[in-house]
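Enquirer:
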Amino acid sequence: MFAHRGPYHPNRLGVSRCRLLAVDGLNLHVADLDALSGTPILDTKPYLIGFAPRHPVTQPAWATELMSSYY
Numbered sequence: 024m025f026a027h028r029g030p031y032h033p034n035r036l037g038v039s040r041c042r043l044l045a046v047d048g049l050n051l052h053v054a055d056l057d058a059l060s061g062t063p064i065l066d067t068k069p070y071l072i073g074f075a076p077r078h079p080v081t082q083p084a085w086a087t088e089l090m091s092s093y094y
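Printed below as a string of structure tokens:
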């Protein structure tokens, strides 16, 4: 219930990563954000290699196939 990516889940909070393109005062310009237009951003954090997975990330073939036409 809490781990799916659909729009109808109890707390409506999600985690996404994106590329920071520019900072214009209090506005952040980003690319590749996995969110709907108009979604409020509650917090931002930098990507730190120390918090990245220690081993290569893998996923089952069915997940790769499922996501091949997602975007």
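The sequence shown begins at 24 in the working numbering and counts up one residue at a time. For every residue, glycine included, the Cβ atom is placed at its ideal position computed from N, Cα and C.
Measuring CB atoms only, is the segment 37-45 touching the segment 55-72, in the sense that at least three cross pairs come out at less than 8 Å?
Expert: Yes: the two stretches touch, three or more of their Cβ pairs being nearer than 8 Å.
Enquirer: For L51, which of helix, strand or coil comes out of DSSP?
Expert: Correct three-state label for L51: strand.
Enquirer: Excluding the five sequence neighbours on either side, which residues of its own chain have a C-beta within less than 6 Å of the C-beta of M24, listed in chain order?
Expert: Note that M24 scores a pLDDT of 47, beneath 50, so its modelled location is shaky; the value from the coordinates is reported in the next line. Within the same chain, M24 has no close Cβ partners at all.
Enquirer: Excluding sequence positions up to five away, which residues of its chain have a Cβ less than 8 Å from the Cβ of C41?
Expert: Taken in chain order, the residues that qualify are V53, A54, D55, L56, D57.
Enquirer: Please return the same chain residues whose Cβ sits closer than 8 Å to the Cβ of P63, not counting the five positions on each side in sequence.
Expert: Excluding residues within five positions, none has a Cβ falling inside 8 Å.
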